[in-house]
Structures are given as C-alpha cells and as structure tokens.
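Quick note: the sequence shown uses this note's numbering, first residue 1, plus one each step. Where is the CB? At the ideal position from N, CA and C, for every residue including glycine. Predicted model, so just to flag it, every value in this text is computed and none were measured.
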Amino acid sequence: MGFISNRAVKAAGGTVFEKDGTPKASLLRAMERAVEVQRPLVLANIRRLQRKNPGATPEQLVSIVEKHYLNTVTGGGAAVGATAVVPAIGTAAALGLSAAATVGFLEATAFYAQSVAELHGVHLEDPDRSRTMVMAIMLGEEGTAMMQSVAGRGGKPWASSLGGMPSGLMGSVGSSIRKQFMKRIVARQGTAMLGRALPLGIGAVVGGAGNHAMGKGVIKTARRAFGPAPDTISGELAEELRQIPDQP
C-alpha cells in the first residue's frame, strides 16, 4: 500500500486552507474518510505476509506490520517535505501535497490498526466500530481513557471488547471520539502540513521526524489497546485467510 493513495492525491488539488487558516471542508471530509479501510484489503495483506513469512506467529506478524507502518509514514513525510526544495513548487502547491500526505498518513494508520486488530482476533466488519477504534488509537491517551471508561474491563486492554459493546453505547462513544478526533487531528496535522511545506530541505526533516514521532505514538497506543498478541491466529481468521487465493 503506497503512502499517498489516489484518494489522498485528490486532497492536494487547490488551496487546502481558508483565509482564516482553517482547513477547507473538502480536506476535513477527506481526513475523516481516510480512516475507513475495507476489511478484505486488510485480510489480503495479512495473507501476503503469511506467504512471505511462513510459520510466523501473530506476535511476529504484528512486529512486521509495525515496522512497515513506521517506515511508510516516516518515508512518506520526508518525501513530501523534500518537494519544497524544488524551485518550481510554490507554497500553495507544497501545502496541497502536504495535505495529500496527511490523508495518506491517516490511511496508513487505519490500515495498520485494523491489521493489528485482526491478528489479535478482533474482527470488525461494522465500519462504524472499526472507524471508532482507529480514531481512539490516534487520539492516544485521550482515546484510551474514553474507550477504557466504557469497556469496563478493569484496566485490561479495551479493544477486545469492541465487538460485544451494545450498539447504543458504541454510537454514543463513537460520536464523542469522532468530535475529539477531528479537533485534535486538525491541530496536529495542520502543524505538520505547514512544517512539510517549509523550503530549503527543512520540510523533509520536519516531515520525516514528525511522522516518525506520531507513528511511534500510534504503535504505543495500539499495544496498550490490544495487549499481547495471541499465540496462534484465531480459527475464524485462519479459515478466512485460507479462502483468499494466492496472488502470482
């Protein structure tokens, strides 16, 4: 999965900020949609990893997914930041590319989080529950506290209870998390967007280092949300993976 997808590229068209400095509605919509990942794509990627790493345990596969995610977001941030060095790239264009990188970062994070969920036996076919999980993980400590308060698991990892939460409760906490997510992510990524647009190579440093730090934060929160990986892949997931045809 590339760092910047076609959907992310669409976010780069035109000016991405209003005159008062706030992100345009089109960018906000793109950022929110970025945390939605189709489950079949996640399963296909896990199957691909299994073929490349026969006999790997869920813990080892999670480690591989973590490394790939961190390399992807770090490299993507630096690559976009480096475009500010090119004389033909103006500030508006650099901001547009940076906006695309922001959407790409969110997509990569959603893909990572949902892959880890599957490997932990958390199968979320409901897009609303999946989206809430991703947003909560990206919120870090704040998201963890909100989910832990409704999971009622006495300090145990909250993610495993997602599938069994009543719809009404999930809808309520999901709405609260969405509001906080959009507020926090706009603040964080708005700064990151401007940083990546800095000229003279500074953007490459800021973009790569910033994404690396945010990626590490996401991994730390995900580990707390899911806890240790199981010893084996669940029977339900194993059967679904077996049904995915091998790609040439």
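Problem - Delimiting residues of the alpha helix (DSSP H) encompassing residue 133 - result: 127–138
Practice task
With a threshold of 16 other CB atoms inside 10 Å of the CB of residue 232, please say whether the residue is buried or exposed.
Solution key: exposed
Handout entry: 8 Å Cβ shell around residue 163 - same chain, five flanking residues per side excluded
Key = 122, 123, 124 and 129
Practice task
Look at the alpha carbon of residue 216 and the alpha carbon of residue 34, and state the distance between them as a whole number of angstroms.
Solution key: 19 Å
Problem - Nearest-angstrom Cα separation, counted from residue 173 out to residue 167 - result: 10 Å
Problem - 8 Å CB neighbourhood of residue 70 in its chain, flanking five on each side removed - result: 212, 215, 216 and 219
Exercise for the section: Measure the C-alpha to C-alpha separation of residue 148 and residue 243 and round it to an integer number of angstroms. Expected result: 35 Å
Problem - Start-to-end residues for the alpha helix (DSSP H) that takes in residue 227 - result: Per DSSP, residue 227 belongs to no alpha helix (DSSP H) and is neither H nor E.
Problem - Buried versus exposed call for residue 58 [16 or more other C-beta atoms within 10 Å across all chains shown] - result: buried
Exercise for the section: Return the CA-CA distance between residue 236 and residue 113, expressed in angstroms with no decimal places. Expected result: 19 Å
Exercise for the section: Look at the alpha carbon of residue 48 and the alpha carbon of residue 241, and state the distance between them as a whole number of angstroms. Expected result: 10 Å
Problem - residue 115 classed as buried or exposed, judged by whether at least 16 other C-beta atoms fall within 10 angstroms - result: buried
Problem - For residue 124, the three-state DSSP class (helix, strand or coil) - result: coil
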